[in-house]
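Participant: Protein chains in written order, with my numbering: chain A, 982 to 1207; chain B, 126 to 428. The beta-carbon is built from N, C-alpha and C at its ideal position, and this holds for glycine as well. Only a predicted model underlies this, so the values are computations on that prediction, with no experimental measurement involved. The structure follows.
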Amino acid sequence: MIRLKNISKMYGPGIVGVKNVNLHIRPGEFVSIVGQSGTGKSTLVKLLIAEEKPTSGSLQIGGWEIGRIRDKDVPGLRRQIGVVFQDFKLLPKKTVYENVAFALEVAGVSGRRIREVVPHVLRIVNLSGKENRYPQQLSGGEQQRVVIARSLVHRPKIIVADEPTGNLDSIHTAEIVDIFKKINEFGTTVVMVTHNREIVNALRKRVLTIHAGEIVADHEEGKYLI
Amino acid sequence: MIVSTTRVVKFAFKDFWRNLGLSLMTISILMLTYLSLNLLVIVNFFTDAAIQAIENRVDVSVYFGPDVSDDRILGVRGELTSLPEVKDVEFISREQALEQFKLNHAGEPEILSALQEVGENPLGAVLVIKAKDASSYGPILEALDSPSIKSLVADKTVEDHRALIERLTTVTNKVQKAALGLSLVFALISLLIVFNTIRVAIYIHREEIAIMRLVGASSNFVRIPFLIETVMFNLIALGIVAALVYPALGVIEPAARAFFDADVGITAYYQAHWLQIFGYQLGAVTFLSLVATALSMGRYLKK
């Protein structure tokens, strides 16, 4: 599913993003990646979604080799990976419905199929009735749920979430984590970067600890150690 | 393919309305560009009209002796007409010259009585030569100095005009060069304004572009709506400018007629050449806007 062999990402001489990362994430796993700020967690996410290319090593995700992926194939990869960010990354001039539908529209999905899928995923994230609102008319938790709905429309095998609860209060955090757990129970692999100790400890799932660009701990049913 | 084409067009229209403030700002800048270009067209037209008006008032009159036959003068006329620099040669017969002389001196009885004393018509026929432009008078003057013509000529206004013609040629050349220089400066300013306006517009959209890429939009899917919007901006801007220019021409026309003491026909010129005038402007500015859009988007599409 996701396999990293000796992956390094350098941003210039002596500026390390990640260093010699070896990792295998199996289908259906729920993996939390923890670590202090600036340790390379977000670099790892950027590598997984091909926003960055590795300096050396091999990164396979699905059938793609990220180091050799062509620019024109990147959209295809991103349609197979659901991505959720701390800062939501919603299109401000599009409504909730349009934001979710956009991910299908760019893939050339028919209008009929879009009209079936979008209300369905909005129901999953409990946003039915808010289709015509714009992002700025929603709370942080609701915005993040729109993002999750958008990431689900292609029925991705992998969801990558970079600090998805970073901007949310505890109630909305619990809601979002519950949604991820539900998605994972249906067989989707979830890779979540987080700072939130309570979430990680409550999940009792695999935890990778990253420090100075390297994976320093990898525990099944792990805990937040830092 | 059809689904995607319909979608990108739809997105372009939606973006246009939802970013109305930015759309109107871009259109207003493009309008200034189109206004500048049309101002340039009008200035160039009037520069040409002014030069034409002056050139039309300059001619070279060649006076033949009374003993030179009309046949020989018409032969000279044919010779001069065949010169590529000559626009027109008017033949004034001895009789017409006399009539004209009498008319010109109708209020001067001494001159008319002197003419009567002479008895027969003392005036020779005249050829009035008009050149195609001021710089063409040089070769015409040289042709008049050829021995076959020179021997027939009693008098000519050539010498009187030579200095004027030379000065006129210098002035018209300078005016045309200045107009060309002004055009280039205007064009350059317009291009820079358009280029930077589009860059700012795309910069404002940079996060949106990144998000589109993030959810799997291909470069073309992101790029084409912006390009369509750019074409829309240009069409609207030029449409408004054309709607402003025509009434303005109606105001300028009478003033120009009074100034040049002739019908310069700026409105007629626009009506006859509107497709070229607006077509070239639209083509050039839209092309530049599209290049600016594509270049500005390039860096945001890489991620």
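From the DSSP output, which residues share a beta bridge with A256(B)?
Facilitator: V211(B)
Participant: Would you mind sorting K1163(A) into buried or exposed? The rule is 16 or more other CB atoms within 10 Å of its CB.
Facilitator: With fewer than 16 Cβ atoms within 10 Å of its Cβ, K1163(A) is classed as exposed.
Participant: Just tell me which of L157(B), E354(B), N163(B) has its CA closest to the CA of G404(B).
Facilitator: N163(B)
Participant: Between the alpha carbons of D388(B) and A231(B), how many angstroms are there, rounded?
Facilitator: 31 Å
Participant: Buried or exposed for K302(B), please, with buried defined as at least 16 other CB atoms from any protein chain shown within 10 angstroms of its CB.
Facilitator: With fewer than 16 other Cβ atoms within 10 Å, it is exposed.
Participant: Between which two residues does the beta strand (DSSP E) carrying T1190(A) extend?
Facilitator: 1187-1192
Participant: Could you please give me the residues that DSSP links to F1066(A) through a beta bridge?
Facilitator: D1143(A)
Participant: So what does L985(A) bridge to, in DSSP terms?
Facilitator: DSSP lists L1004(A), L1040(A) as the beta-bridge partner residues of L985(A).
Participant: Look at R202(B) and L252(B) and say whether their C-beta atoms are less than 8 Å apart.
Facilitator: yes
Participant: Take the Cβ of R1094(A) as the centre, count every other Cβ of all protein chains shown within 10 Å, and call the residue buried at 16 or more, exposed below.
Facilitator: exposed
Participant: Any residues in the region 1074-1094 of chain A with a beta carbon nearer than 7 Å to a beta carbon of chain B? Which ones, in chain order?
Facilitator: Listed by position along the chain: K1074, F1083, A1084, E1086, V1087, A1088, G1089, S1091.
Participant: Give the residues of chain B in contact with K1070(A), contact being defined as C-beta atoms less than 9 Å apart.
Facilitator: The contacting residues are E332, A335, I336, L339, V340.
Participant: If you pair each beta-carbon of the region 1005-1020 of chain A with each one of the region 1172-1181 of chain A, do three or more pairs fall below 8 Å?
Facilitator: yes
Participant: Please tell me whether V133(B) and I361(B) are closer than 8 Å, where the distance is taken between their beta carbons.
Facilitator: no
Participant: Taking the beta strand (DSSP E) that Y371(B) falls in, what are its first and last residues?
Facilitator: Per DSSP, Y371(B) belongs to no beta strand (DSSP E); it is in the alpha helix (DSSP H), 344-385.
Participant: On the three-state DSSP scale, how would you describe G998(A)?
Facilitator: Of the three classes helix, strand and coil, the one that applies to G998(A) here is strand, per DSSP.
Participant: Buried or exposed: where does V296(B) fall if 16 or more other Cβ atoms within 10 Å of its Cβ makes it buried?
Facilitator: exposed
Participant: Please classify E267(B): does DSSP put it in a helix, a strand, or coil?
Facilitator: helix
Participant: Output yes if chain B places a C-beta closer than 8 Å to the C-beta of R1096(A); else output no.
Facilitator: no
Participant: L1028(A) to D140(B), Cα distance in whole Å?
Facilitator: 31 Å
Participant: Of the residues F351(B), V366(B), A250(B), K135(B), which one's Cα is nearest the Cα of E215(B)?
Facilitator: Just measuring C-alpha positions, the residue of F351(B), V366(B), A250(B), K135(B) sitting nearest E215(B) is A250(B).
Participant: By how many angstroms is the C-alpha of V166(B) removed from the C-alpha of K1075(A)?
Facilitator: Distance between the alpha carbons of K1075(A) and V166(B) is about 43 Å.
Participant: Does the separation of the CB atoms of K1000(A) and E1195(A) fall below 8 Å?
Facilitator: Against a cut-off of 8 Å, the Cβ pair of E1195(A) and K1000(A) comes out as a contact.
Participant: Just how far apart, CA to CA, sit I1042(A) and G1057(A)?
Facilitator: If I take the Cα positions, the gap works out to 12 Å.
Participant: Using CA coordinates, which residue listed in A178(B), A381(B), Y262(B), E354(B) is at the minimum distance from I323(B)?
Facilitator: E354(B)
Participant: Which of helix, strand or coil does DSSP assign to V1012(A)?
Facilitator: strand
Participant: Using a Cβ-Cβ cutoff of 8 Å, what residues of the region 142-160 of chain B are near chain A? List them in chain order.
Facilitator: R143, N144
Participant: Relative to chain B, which residues along the region 1045-1057 of chain A have a C-beta separation below 9 Å, given in chain order?
Facilitator: Residues D1052, K1053, V1055, P1056, G1057.
Participant: With three or more C-beta pairs closer than 8 Å as the rule, is the region 187-194 of chain B touching the region 223-237 of chain B?
Facilitator: no
Participant: Check whether the Cβ of F346(B) lies closer than 8 Å to any Cβ atom in chain A.
Facilitator: yes
Participant: Against chain B, does V1171(A) count as a neighbour if the rule is that its beta carbon must be under 8 Å from one of theirs?
Facilitator: no
Participant: Kindly list, in the order they appear in chain A, the residues whose Cβ is closer than 9 Å to that of R324(B).
Facilitator: Within 9 Å Cβ-Cβ: nothing; R324(B) doesn't reach chain A, min ~20 Å.
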